[in-house]
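Enquirer:
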Amino acid sequence: MLSGFYIGNIFIPYYGFMLVLAILMAGALGFVLTKRYNILFEDFIILFAYVGGFALLGAKVLYLIVIADQIDCSRIMEPDYLNNLMSGGFVFFGGLINGIVALPVVRKVHKLDVLKIIRVVVPCIPLAHAFGRIGCHLTGCCYGVKYSGIFCIVYHNNLFAPNNIGLFPVQLTEAVFNFILAAVLLIYLRKKGPVIGTIYIYIISYSVARFILEFLRGDASERGFIYFLSTSQIISIILIIGTLLYMRRKAKQCRLR
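Sequential numbering of the sequence shown, starting at 9, is according to the numbering used here.
Listed below in structure tokens is the structure:
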């Protein structure tokens, strides 16, 4: 099973293709939203580029941390080994956290009203993520546990997933969830809820879903574990608790005014 397709003599990896499609779809949605909410599309592009760049870096760094015990440091200077290592996976939460770090950087460097722009950026994140997870499904990475029920996935001659056995379609399940989450955020945006509410909804909803879906993942060696919880589950718990505590603190401040 090829992990991509050919256009003429050019091989196009599924994951790379879906990543480009994710960026295009998120950009198209951002364009529509900036016009609707009177935000300069150029400002959206600046913020989206910073968040995306920081996110890719954070996702790769966390992935390397998670698989640190599998890295052969004696071969790190070998071009082929280094290329294979760097072309490996990403851990989404590393990207999410580092993407948040990008916000004050954009505000300081470009003097933009980040809170005004972030309201149209947030719905684009799960939309892009959904296409990314479809890319995972097509490639065979981030595969699910053994499963023979309805909608099970069977890979053949795949380089990443177990072959010729039924697997739970966890990548597609997460993709569907992200599409739904993007729709919910768009509805919330249309009802003109507080900007910070968009961030609350996204972080809590995705963290809860990711915590649950991690139990259905079958690629244990790629995720890192502390006792019985994966790295992403631990980060999910931290984000949920941190967000709820921040919401509580803000609510108290509002009551005291």
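C-beta atoms are modelled at their ideal positions from N, C-alpha and C, and glycine is treated no differently.
Taking the beta strand (DSSP E) that residue 21 falls in, what are its first and last residues?
Expert: 18-21
Enquirer: Who does residue 225 pair with in a DSSP beta bridge?
Expert: The partner list for residue 225 (beta bridge, DSSP) reads 152.
Enquirer: Report yes if the C-beta distance between residue 269 and residue 110 is below 8 Å; otherwise report no.
Expert: Any property of residue 269 remains undetermined from this structure, which presents the chain solely from 9 to 265.
Enquirer: Grab me the residues of residue 134's own chain with a C-beta within less than 6 Å of its C-beta, minus the 5 sequence neighbours each way, in chain order.
Expert: Within its own chain, the residues whose Cβ lies closer than 6 Å to the Cβ of residue 134, once the five positions on either side in sequence are excluded, are 186, 189 and 190, listed in chain order.
Enquirer: Residue range of the beta strand (DSSP E) that residue 12 falls in?
Expert: 12-15
Enquirer: In whole angstroms, what is the alpha-carbon distance linking residue 235 and residue 66?
Expert: 24 Å
Enquirer: For residue 186, does the three-state DSSP call read helix, strand or coil?
Expert: helix
Enquirer: Could you check which residue in 241, 26, 208 and 206 has the C-alpha nearest to that of residue 222?
Expert: 241
Enquirer: Nearest-angstrom Cα distance between residue 160 and residue 255?
Expert: 39 Å
Enquirer: Can you tell me where the alpha helix (DSSP H) with residue 52 in it begins and where it stops?
Expert: 49-74
Enquirer: Any contact between the region 137-152 and the region 193-207? By contact I mean 3 or more CB pairs, one from each, below 8 Å.
Expert: no
Enquirer: Can you name the start and end residues of the alpha helix (DSSP H) that residue 133 belongs to?
Expert: 132-147
Enquirer: Inspect the beta-carbon positions of residue 130 and residue 193 and report whether they are closer than 8 Å.
Expert: yes
Enquirer: Could you tell me the distance, in whole angstroms, from the CA atom of residue 259 to the CA atom of residue 33?
Expert: Looking at the two C-alpha atoms, the distance is approximately 35 Å.
Enquirer: Ends of the alpha helix (DSSP H) at residue 169?
Expert: Careful: residue 169 lies outside any alpha helix (DSSP H) and carries neither H nor E.
Enquirer: Determine the extent of the alpha helix (DSSP H) in which residue 107 is found, giving its start and end residues.
Expert: 100-118
Enquirer: Might you give, ordered along the chain, the residues of its own chain that have their beta carbon closer than 6 Å to the beta carbon of residue 101, omitting 5 neighbours on each side?
Expert: Setting aside the 5 residues that flank it on each side, residue 101 is surrounded in the same chain by 240 and 243, each with a C-beta closer than 6 Å to its C-beta; the list follows chain order.
Enquirer: Pull up the distance between the alpha-carbon of residue 51 and that of residue 120, whole angstroms please.
Expert: 7 Å
Enquirer: Can you have a look at residue 211 and say buried or exposed, based on whether 16 or more other CB atoms are within 10 angstroms of its CB?
Expert: buried
Enquirer: Just mark residue 225 as buried or exposed, buried being the case when its beta carbon has 16 or more other beta carbons within 10 Å.
Expert: buried
Enquirer: With respect to the alpha helix (DSSP H) encompassing residue 125, which residues constitute its N-terminal and C-terminal limits?
Expert: 122-129
Enquirer: Rounded C-beta distance between residue 103 and residue 26? I'm assuming under 8 Å.
Expert: Actually they are not in contact, since the Cβ atoms of residue 103 and residue 26 sit about 15 Å apart, beyond 8 Å.
Enquirer: Please classify residue 79: does DSSP put it in a helix, a strand, or coil?
Expert: coil
Enquirer: Are residue 167 and residue 11 close, meaning C-beta to C-beta below 8 Å?
Expert: yes
Enquirer: To which residues of the same chain is residue 21 closer than 7 Å at the C-beta, ignoring the five residues directly before and after it?
Expert: Annotation for residue 21: 11 and 12 place their beta carbon closer than 7 Å to its own, counting only its chain and skipping 5 residues before and after.
Enquirer: Looking at the structure shown, is residue 234 part of a helix, part of a strand, or coil, going by DSSP?
Expert: strand
Enquirer: CA-CA distance, residue 18 and residue 29?
Expert: 18 Å
Enquirer: Measure the C-alpha to C-alpha separation of residue 44 and residue 16 and round it to an integer number of angstroms.
Expert: 40 Å
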